[in-house]
């Protein structure tokens, strides 16, 4: 006989359940709410959430979600000019703005009630929360052989669901596109979720950009789930520059030979923030590649990086690497890095690493010896540290847009 002890519900859990109660709209959300009520939020006892104890962290939010959020419009300038903006809460069936691009009202988050990444308990916390809290979303189909001239920008409107959204994106064989995912302020005390699935057909090339700039009194839980066909390429960039409690998950699976994943990211942290980036890259077939590099600037708060590379038994000739590099600029900040490899094939090249340090004293002295004030010299070195991963994107408009946001964040804090 076994006994399972249920932990008492925290105030944060009870508050989320209360919010979800008022948003139940169908059987799926009712089922998710029942699971949330039964299982609660993950704590440090759950290995995948050891560094991000939602039961405790969400309780730090002192302000309740503002009732005034509902109905307020959001005026947000697109990250890239000429973008096609898709409001996830308002997408309507039959809205096809570009030939070959189909938008339809979302049905539900795919496979929301179980985990495919083996990082969670018996269910996927972010998906359950997303469904339980009444997420709305969109189905997006990009036809085979289509090259989209304009980026697609996906963003939720807080007024309808409080920032609970999802999108299921399918990219046809041979297509090319750029998609921007925005997570912008929704209001004091808000807890937003965003769950996306992305299916890349054979010979596709997709650039996906995540820009998370939540307010420092908000929380955000995001998840991107990707499957890659043969000879497809995913280039993913993640920028975290806000939020009180943030968890950004990326889970990718290579299902076709020749698939290639490149993930780059920048986390900018200050006092009071907790930002967690958790990724799993699953190589399931032979001859696939992946590289992942995150650069973190810590002025305060707590940053977390958990990166897992899995190579299946039959995935010979896999080449996979990940790195997490952190610049600690304050004794008040901390960063936890947990890179991992699980390899079951015997003919692969895989590696991982993590570093943490301060600004290089020799480099700082060099700049100051040429008349550059110390504060300016430090700022230049920090920008160079994160700029290396941004410039790898090569798209000039994307690089300029991201550099502008990073520079603004750094300049405001020096």
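Numbering (my numbering), first residue to last: 46 to 459.
C-beta atoms are modelled at their ideal positions from N, C-alpha and C, and glycine is treated no differently.
* To do: For the alpha helix (DSSP H) holding residue 74, just list the boundary residues, first then last.
  => 72-84
* Give the range of the alpha helix (DSSP H) segment to which residue 100 is assigned. => 99-102
* To do: Taking only runs that begin and end inside the stretch 339-400, name each unbroken beta strand (DSSP E) of 3 or more residues, in chain order.
  => 347-356, 364-373, 379-388
* Buried versus exposed call for residue 229 [16 or more other C-beta atoms within 10 Å across all chains shown] -> buried
* Own chain residues within Cβ distance below 7 Å of residue 431, not counting five before or after -> 311, 340, 342, 451
* **Reference residue 382, options 324, 358, 336, closest by Cα** => 324
* **Proximity to residue 253 [Cα-Cα], best of 247, 307, 210, 455** => 307
* **Neighbour-count burial assignment, residue 102, 16 or more Cβ in a 10 Å radius** => buried
* Please work out which residues of its chain come closer than 6 Å, Cβ to Cβ, to residue 223, disregarding the five sequence neighbours upstream and downstream, and give them in chain order. => 196, 252
* Please classify residue 455: is it buried, with 16 or more other beta-carbons within 10 angstroms of its beta-carbon, or exposed? => buried
* Asked: Does the stretch 62-73 touch the stretch 276-287, meaning 3 or more C-beta pairs lie closer than 8 Å?
  -> no
* Per DSSP, residue 435 is paired with what? -> Answer by DSSP bridge pairing: none, since residue 435 is not bridged.
* Asked: What number of angstroms, rounded off, separates the C-alpha of residue 194 from the C-alpha of residue 437?
  -> 21 Å
* Separation of residue 417 from residue 129, as counted between CA atoms -> 42 Å
* What number of angstroms, rounded off, separates the C-alpha of residue 246 from the C-alpha of residue 192? -> 14 Å
* What three-state label does DSSP hand residue 52 in the structure shown? -> coil
* Cross-strand partners of residue 150 (DSSP beta bridge) -> 183
* **Per-residue burial, residue 115 [other beta carbons within 10 Å of its own, 16 or more giving buried]** => With a pLDDT of only 45 at residue 115, under the threshold of 50, the placement of this residue in the model should not be trusted; the figure read from the coordinates follows. It is exposed - the Cβ of residue 115 has fewer than 16 other Cβ atoms within 10 Å.
* Asked: Applying the criterion that 16 or more other CB atoms from any shown protein chain within 10 Å of the CB defines a buried residue, is residue 90 buried or exposed?
  -> exposed
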